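A.B. asks:
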Amino acid sequence: KARVYNFGNKTADGNSQMKNLLGGKGANLAEMSALGIPVPPGFTITTEVCTAYNELGKEAVIDMIKSDVEASIRTIEKTMGAEFGSKENPLLVSVRSGARVSMPGMMDTVLNLGLNDEVVLGLAERTGNPKFAWDSYRRFIQMYGGVVLGMKPESKDDIDPFEEIMEHLKEKRGITLDTEFSIQDLKDLVYDFKDAVKKRTGHDFPTNPWDQLWGAVIAVFNSWNGDRAVYYRTMHGYPADWGTAVNVQAMVYGNMGDNSATGVCFTRDAGTGENVFNGEYLINAQGEDVVAGVRTPQQITKLGSERWAELAKVDEEERAQTYPSLEEVMPELYKELDGIQKKLETHYRDMQDMEFTIQDGKLWILQTRNGKRTGAAMVKIAIDQLHEGLISDKEALLRIEPNKLDELLHPVFDPKALKQAHVIAQGLPASPGAATGKIVFFADEADKFKNSILVRIETSPEDLEGMHVAKGILTARGGMTSHAAVVARGMGKCCISGAGALKINYKARTLSVDGHEYHEGDWISLNGSTGNIIEGKVATKEPELSGEFAKLMKLSDKFRDMQVRTNADTPNDAAIARSFGAEGIGLTRTEHMFFEVDRIKAMREMILADTVKGRKEALNELLPMQRSDFEGIFEAMEGLPVTIRLLDPPLHEFVPHTLVAQKELADDMHISVEAVKNKVSELSEFNPMLGHRGCRLGNTYPEITEMQTRAIIEAALNLKAKGVISKPEIMVPLVGTVAEFEAQEKVIRATAEKVFEERQDNIEFTVGTMIEVPRATLMADLIAEKADFFSFGTNDLTQMTFGYSRDDAGKFLPIYIEKGILKADPFEVLDQEGVGQLVKLGTERGRSSKPKLKVGVCGEHGGEPSSVEFFYNSGLDYVSCSPYRVPIARLVAAQAAI
Ligand code: PEP
Ligand code: MG
Numbered sequence: 008k009a010r011v012y013n014f015g016n017k018t019a020d021g022n023s024q025m026k027n028l029l030g031g032k033g034a035n036l037a038e039m040s041a042l043g044i045p046v047p048p049g050f051t052i053t054t055e056v057c058t059a060y061n062e063l064g065k066e067a068v069i070d071m072i073k074s075d076v077e078a079s080i081r082t083i084e085k086t087m088g089a090e091f092g093s094k095e096n097p098l099l100v101s102v103r104s105g106a107r108v109s110m111p112g113m114m115d116t117v118l119n120l121g122l123n124d125e126v127v128l129g130l131a132e133r134t135g136n137p138k139f140a141w142d143s144y145r146r147f148i149q150m151y152g153g154v155v156l157g158m159k160p161e162s163k164d165d166i167d168p169f170e171e172i173m174e175h176l177k178e179k180r181g182i183t184l185d186t187e188f189s190i191q192d193l194k195d196l197v198y199d200f201k202d203a204v205k206k207r208t209g210h211d212f213p214t215n216p217w218d219q220l221w222g223a224v225i226a227v228f229n230s231w232n233g234d235r236a237v238y239y240r241t242m243h244g245y246p247a248d249w250g251t252a253v254n255v256q257a258m259v260y261g262n263m264g265d266n267s268a269t270g271v272c273f274t275r276d277a278g279t280g281e282n283v284f285n286g287e288y289l290i291n292a293q294g295e296d297v298v299a300g301v302r303t304p305q306q307i308t309k310l311g312s313e314r315w316a317e318l319a320k321v322d323e324e325e326r327a328q329t330y331p332s333l334e335e336v337m338p339e340l341y342k343e344l345d346g347i348q349k350k351l352e353t354h355y356r357d358m359q360d361m362e363f364t365i366q367d368g369k370l371w372i373l374q375t376r377n378g379k380r381t382g383a384a385m386v387k388i389a390i391d392q393l394h395e396g397l398i399s400d401k402e403a404l405l406r407i408e409p410n411k412l413d414e415l416l417h418p419v420f421d422p423k424a425l426k427q428a429h430v431i432a433q434g435l436p437a438s439p440g441a442a443t444g445k446i447v448f449f450a451d452e453a454d455k456f457k458n459s460i461l462v463r464i465e466t467s468p469e470d471l472e473g474m475h476v477a478k479g480i481l482t483a484r485g486g487m488t489s490h491a492a493v494v495a496r497g498m499g500k501c502c503i504s505g506a507g508a509l510k511i512n513y514k515a516r517t518l519s520v521d522g523h524e525y526h527e528g529d530w531i532s533l534n535g536s537t538g539n540i541i542e543g544k545v546a547t548k549e550p551e552l553s554g555e556f557a558k559l560m561k562l563s564d565k566f567r568d569m570q571v572r573t574n575a576d577t578p579n580d581a582a583i584a585r586s587f588g589a590e591g592i593g594l595t596r597t598e599h600m601f602f603e604v605d606r607i608k609a610m611r612e613m614i615l616a617d618t619v620k621g622r623k624e625a626l627n628e629l630l631p632m633q634r635s636d637f638e639g640i641f642e643a644m645e646g647l648p649v650t651i652r653l654l655d656p657p658l659h660e661f662v663p664h665t666l667v668a669q670k671e672l673a674d675d676m677h678i679s680v681e682a683v684k685n686k687v688s689e690l691s692e693f694n695p696m697l698g699h700r701g702c703r704l705g706n707t708y709p710e711i712t713e714m715q716t717r718a719i720i721e722a723a724l725n726l727k728a729k730g731v732i733s734k735p736e737i738m739v740p741l742v743g744t745v746a747e748f749e750a751q752e753k754v755i756r757a758t759a760e761k762v763f764e765e766r767q768d769n770i771e772f773t774v775g776t777m778i779e780v781p782r783a784t785l786m787a788d789l790i791a792e793k794a795d796f797f798s799f800g801t802n803d804l805t806q807m808t809f810g811y812s813r814d815d816a817g818k819f820l821p822i823y824i825e826k827g828i829l830k831a832d833p834f835e836v837l838d839q840e841g842v843g844q845l846v847k848l849g850t851e852r853g854r855s856s857k858p859k860l861k862v863g864v865c866g867e868h869g870g871e872p873s874s875v876e877f878f879y880n881s882g883l884d885y886v887s888c889s890p891y892r893v894p895i896a897r898l899v900a901a902q903a904a905i
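8 is the number of the first residue of the sequence shown in UniProt numbering; add one for each residue after it.
#1: Looking at the secondary structure, which residues open and close the beta strand (DSSP E) in which Asp360 lies?
#2: Under 6 Å: does the beta carbon of Gly800 sit that close to some heavy atom of ligand 1?
#3: Should Glu598 and Pro657 be called a contact, given that it needs their Cβ atoms to be closer than 7 Å?
#4: Apart from the five residues on each side of it in sequence, which residues of its chain come closer than 6 Å, Cβ to Cβ, to Ile172?
#5: What first and last residue would you give for the alpha helix (DSSP H) that runs through Gln392?
#6: Using 10 angstroms around the beta-carbon of Ser855, count the other beta-carbons present and answer buried if the total reaches 16, otherwise exposed.
#7: May I have the straight-line CA-CA distance separating His175 from Glu132, to the nearest angstrom?
#8: As an exercise, report each continuous alpha helix (DSSP H) stretch of at least 4 residues that is fully enclosed by the segment 802 to 826, in chain order.
#9: Check Cys865 in the structure and name its three-state DSSP category.
#10: Would you report the Cα separation of Thr58 and Ile52, rounded to the nearest angstrom?
#11: Give the DSSP bridge partners of Lys510, in chain order.
#12: Distance check for Val731 and Gly646, CA to CA, integer angstroms please.
#13: So, at 6 Å on beta carbons, what are the nonlocal neighbours of Asp20 in its own chain, with the 5 sequence-adjacent residues on each side left out?
#14: In whole angstroms, what separates the C-alpha of Asp564 from that of Lys163?
#15: What residues in its chain sit with their C-beta under 7 Å from that of Asn16, if we drop five residues either side in the sequence?
#16: Does any residue of chain C have a CB that is nearer than 7 Å to the CB of Lys423?
#17: Who are Trp530's beta bridge partners in DSSP?
#18: Is there at least one non-hydrogen atom of ligand 1 closer than 6 Å to the beta-carbon of Gly817?
#19: Would DSSP call Gln191 helix, strand or coil?
#20: Can you determine whether any heavy atom of ligand 2 sits closer than 6 Å to the C-beta of Glu779, and answer yes or no?
#21: Reducing DSSP to helix, strand and coil, say where Glu90 ends up.
#22: What do you reckon, are the CB atoms on Met610 and Asp636 nearer than 7 Å?
#23: What residue range is occupied by the uninterrupted beta strand (DSSP E) comprising Glu143?
#24: According to the Cβ coordinates, are Tyr144 and Val127 closer than 7 Å?
#25: Could you tell me whether the segment 770 to 788 touches the segment 736 to 756, where touching means 3 or more Cβ pairs closer than 8 Å?
#26: Going straight from the alpha carbon of Ala383 to that of Glu681, what length do you get?
#27: List the residues that DSSP assigns as beta-bridge partners of Ser399.
#28: Would you kindly report the start and end of the unbroken beta strand (DSSP E) that includes Glu542?
#29: Using only the heavy atoms of ligand 1, determine whether one of them is closer than 6 Å to the beta carbon of Cys702.
#30: If you follow the beta strand (DSSP E) that Ile460 is in, where does it begin and where does it stop?
#31: Just the Cα atoms here: how many angstroms apart are Val56 and Gly250?
#32: Do Ser230 and Met158 have their C-beta atoms closer together than 7 Å?
#33: Quick check on the DSSP output: the alpha helix (DSSP H) that includes Pro894 runs from which residue to which?
#34: Relative to the C-alpha of Val386, which residue among Leu415, Leu615, Leu435 is closest?
#35: If you drop the 5 nearest sequence neighbours on each side, which residues of the same chain put their C-beta closer than 7 Å to that of Gln293?
#36: Using 7 Å as the threshold, is the C-beta distance between Gly866 and Gly800 below it?
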């Protein structure tokens, strides 16, 4: 079996299938070359040689491959018309490692190998640029010294020995930048570098290019067993006997005069997805000059150049003179490049991002890879390529990164404005989107400014109205399922939670970060997709739901067999979700309806009532309001199922906690402040999340369940009279025992019967339960005998399975994730290993006694891609998520089914 594989000259010994033997990089270079793409010639020493090296050692392995390597260098020399070690026409090479999987940071690259005191003169001559030649030489010594000769900092707090020498010289010369060194400085550096090598290693820096090459090859083999690689391998479970390949490749230069150039290009527009070849290049430049922004890069195509000129306000004459396109300057080479880009995209069947260099009139392709792109471009490219027949419909769907669809669904920052943004801190990206507004600290003051950002230590149900009014929400505490995060996602409102660096002073109405203070009324901007908090006002843009997006959704529905519902508490949210394709409501949280000003009063009267009679009176006031809420929601979801959950949160959340508000309430109710205070403290709990909530409320105050049931049934009957079909599903929260469910079910069915009797009419409805207490998953077979449906409340199920408080986990979860104790926030990404077992078990046991039992999920995980896939594989009938995640869930459900 061969040990050295050549590539270049539009042929190759290997191909892309040979990753195990040639490593990922080597296999791809071979593939490109065999395709007829002009890659700089080179060769790959196989991973098997690395394994042999580990067994036999240096001498034996060099013996084994010496003649092959020498022959391969000769082949490169022929292709390049240059000579390794020559000072007239030097061939320089790069040496890189390349395992079968990419292992970042395993070994750095050595560039410009083959330089010495004589060859550098040849390079200076050939490029006409002595400064470049000497700078390349000093970089080579630095790279080779660090990577091959071990010239690294001696201890953690030491600086790099070469950097130290450079710092000294800069100080002496009174300069600050590397680019300010003169040719003489660079020569001095080379001398000092070599001196340092001699002092530290006891050996001279190798001047013979062959010695340099063997040194680098052996260093790559050694790097496989270096600390960084071993750590990375163990972490990912990659076995030690995989080994790494070594890639040696000719260096090419784009700075060899006006007949040379370098650039980057894309087969399609990475921003919009438009099918136009585009990119930038510079004549007589090195690769990094294009990205460094020192000179203005020019456009590859004439079309691109004209578009650029329009934006840059450059007139046609100046454009053609000063910034002509490659198409105009080097038409032949442009034609070759255009042919190559078409070939590469067809071959890899995806948009390519390529790097190229023109050396002395000859085009070289250095790299091609699938190009990064925006969400909009991702969708357009996939659908376009499907129409072009390049990919199949399944492939088009699988090309879509679900989370990136978010970008298409919320207002976005203008990318130009974002470039100048000053980020002051970062929190959790709790709800995507872009928001910009003036700081307010109190929910009831959110309408103080036309655009406001509500900044809180944390939010509570009392803040709901203000959250609605604000453009965005920022909290210092709380995780991905904190109140702020859940509510904001439901509203499709931008939110950043748990930004621990913020110090909020409600009294002074200030927000300080890193010693800088912001006041009420100051502008800030939130990027809910990244968690970045930005100073000042950043311009936003409305999202564009293009035709391709609609096509993508239609395609998803063709393959999907799991339903997607939404969590919605208002007719407006329901309507938005429906427009995104929701097939019903999986969760209406009724408590959210009680926080509006006119309702909270009746709610509080109900809570403060000492007698059943008093409670019923207050509930009677709430009844018509609830009924009209439900009518609105049923109407928006006409014909589709709507799951309504009975009251869930602890009553404590509804009572006032400030003295002023308590006084007001006491006056309203004509009772003493003391009485209000006593009730508030009576309701306070040590652990409210595990306290008097869920069905425990309905079971202790059945009149609440009665009122809610009545409101639901009456609403459905009222609509029926108008010819609108509603399909209510009444859901009991936080059930842990069969008896808990049975008791509630009895109240619900009896109340419904009563209403039917009164109205002399009826409707169909079902009564089901949430499965969110671990015990309920264990008892699922018995519960399913009674319940019409299950809906997993994975927020509470996660809370109770891990024993992590939803409202406090934000304090330690980030540390757990940083330390690798947890891979992800389990409130965001379902813990499939643990909590997932309970989802599977609950479903299986439930269906063991009721095979057709409808099972869904309505926790936050219902809109998270990896979790949605898991729910599909667990046999769930539907997922329910916030309106803005409905398209994402539709897509993932299709991807999972493919
Ligand atoms: C849940 O617990 O997953 C759920 C949907 O209910 P809530 O978030 O309202 O507790
Ligand atoms: Mg719950």
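Even for Gly, the Cβ is constructed at its ideal location relative to N, Cα and C. Please read all numbers here as calculations on a predicted model, not as lab measurements.
C.D. replies: For this structure:
#1: As a first step, residue 360 is located in the sequence shown; it is residue number 353 there, counting from the start. Run containing Asp360: 359 to 366, per the beta strand (DSSP E) assignment.
#2: The sequence position of residue 800 within the sequence shown is 793, counting from 1. Yes; taking the cut-off as 6 Å, the Cβ of Gly800 has a heavy atom of ligand 1 nearer than that.
#3: Here the question's residue 598 lines up with position 591 in the sequence shown. Here the question's residue 657 lines up with position 650 in the sequence shown. Contact: no.
#4: Here the question's residue 172 lines up with position 165 in the sequence shown. Excluding residues within five positions, the ones whose Cβ falls inside 6 Å are Asp199.
#5: Sequence index remark: in the sequence shown, residue 392 carries index 385 (1-based). Residues 382 to 394.
#6: Taking the sequence shown and counting its residues from 1, the one referred to as residue 855 is at position 848. Looking at its Cβ environment, which holds fewer than 16 other Cβ atoms inside 10 Å, Ser855 is exposed.
#7: For the purposes of this step, residue 175 is taken as the residue at position 168 of the sequence shown. For the purposes of this step, residue 132 is taken as the residue at position 125 of the sequence shown. Their backbone Cα atoms lie some 30 Å apart in a straight line.
#8: 820 to 825
#9: To locate residue 865, count along the sequence shown from 1; it is residue 858. Coil at Cys865, not helix or strand.
#10: The residue labelled residue 58 in the question sits at position 51 within the sequence shown. The residue labelled residue 52 in the question sits at position 45 within the sequence shown. Distance between the alpha carbons of Thr58 and Ile52 is about 11 Å.
#11: Taking the sequence shown and counting its residues from 1, the one referred to as residue 510 is at position 503. Looking at the DSSP assignment, Lys510 forms a beta bridge with Ser519.
#12: Your numbering for residue 646 matches position 639 in the sequence shown. Your numbering for residue 731 matches position 724 in the sequence shown. Each residue's Cα considered, the two are about 8 Å apart.
#13: Residue 20 sits at position 13 when you count from the first residue of the sequence shown. Counting only Cβ-Cβ distances below 6 Å, and skipping sequence neighbours, we find Tyr12, Asn13.
#14: Stepping through the sequence shown from its first residue, residue 564 is reached at position 557. Stepping through the sequence shown from its first residue, residue 163 is reached at position 156. Rounded to the nearest angstrom, the two C-alpha atoms are 56 Å apart.
#15: Locating residue 16 in the sequence shown gives position 9, counting from the first residue. Once the five neighbours on either side are set aside, the close Cβ partners of Asn16 are Pro48, Thr86.
#16: Judged by its chain identifiers, the structure shown contains no chain C, having just a single protein chain.
#17: As a working mapping, residue 530 is identified with position 523 in the sequence shown. BP columns for Trp530 point to Lys445.
#18: On the sequence shown, residue 817 is found 810 positions in, with the first residue counted as 1. Gly817 Cβ: outside cutoff for every heavy atom of ligand 1.
#19: For the purposes of this step, residue 191 is identified with residue 184 of the sequence shown, where counting begins at 1. Looking at Gln191 - three-state DSSP - the assignment turns out to be helix.
#20: Along the sequence shown, read from residue 1 onward, the residue named residue 779 stands at position 772. Result yes, Cβ under 6 Å from ligand 2.
#21: Counted from its first residue, the sequence shown places residue 90 at position 83. In the structure shown, Glu90 sits in a strand (DSSP, three-state: E or B).
#22: Within the sequence shown, numbered from 1, the residue matching residue 610 stands at position 603. Within the sequence shown, numbered from 1, the residue matching residue 636 stands at position 629. No; because the gap between Cβ atoms is not below 7 Å, this pair is not in contact.
#23: Mapped onto the sequence shown, residue 143 falls at position 136. A quick correction: the sequence has Ser, not Glu, at residue 143. That residue, Ser143, is in no beta strand (DSSP E); its alpha helix (DSSP H) goes 137 to 154.
#24: One-based indexing of the sequence shown puts residue 144 at position 137. One-based indexing of the sequence shown puts residue 127 at position 120. Closer than 7 Å, so yes.
#25: yes
#26: Residue 383 sits at position 376 when you count from the first residue of the sequence shown. Residue 681 sits at position 674 when you count from the first residue of the sequence shown. Approximately 59 Å between the Cα atoms of the pair.
#27: The residue labelled residue 399 in the question sits at position 392 within the sequence shown. None; Ser399 has no bridge partner.
#28: For the purposes of this step, residue 542 is taken as the residue at position 535 of the sequence shown. Unbroken beta strand (DSSP E) run through Glu542: 539 to 542.
#29: Locating residue 702 in the sequence shown gives position 695, where the first residue counts as 1. No, the beta carbon of Cys702 sits no closer than 6 Å to any heavy atom of ligand 1.
#30: Looking up residue 460 in the sequence shown gives position 453. Its beta strand (DSSP E) spans residues 459 to 463.
#31: The sequence position of residue 56 within the sequence shown is 49, counting from 1. The sequence position of residue 250 within the sequence shown is 243, counting from 1. Taking the straight line joining both Cα atoms gives about 8 Å.
#32: Numbered from its first residue, the sequence shown carries residue 230 at position 223. Numbered from its first residue, the sequence shown carries residue 158 at position 151. Against a cut-off of 7 Å, the Cβ pair of Met158 and Ser230 comes out as no contact.
#33: On the sequence shown, position 887 is the one that residue 894 refers to. Run containing Pro894: 893 to 904, per the alpha helix (DSSP H) assignment.
#34: As a position in the sequence shown, residue 386 is number 379, starting the count at 1. When each option's Cα is compared against that of Val386, the closest is Leu415.
#35: Reading the sequence shown from its first residue, position 286 is the one you call residue 293. Only Gly261, Asn262, Thr269 meet the Cβ criterion.
#36: Reading the sequence shown from its first residue, position 859 is the one you call residue 866. Reading the sequence shown from its first residue, position 793 is the one you call residue 800. Against a cut-off of 7 Å, the Cβ pair of Gly800 and Gly866 comes out as a contact.
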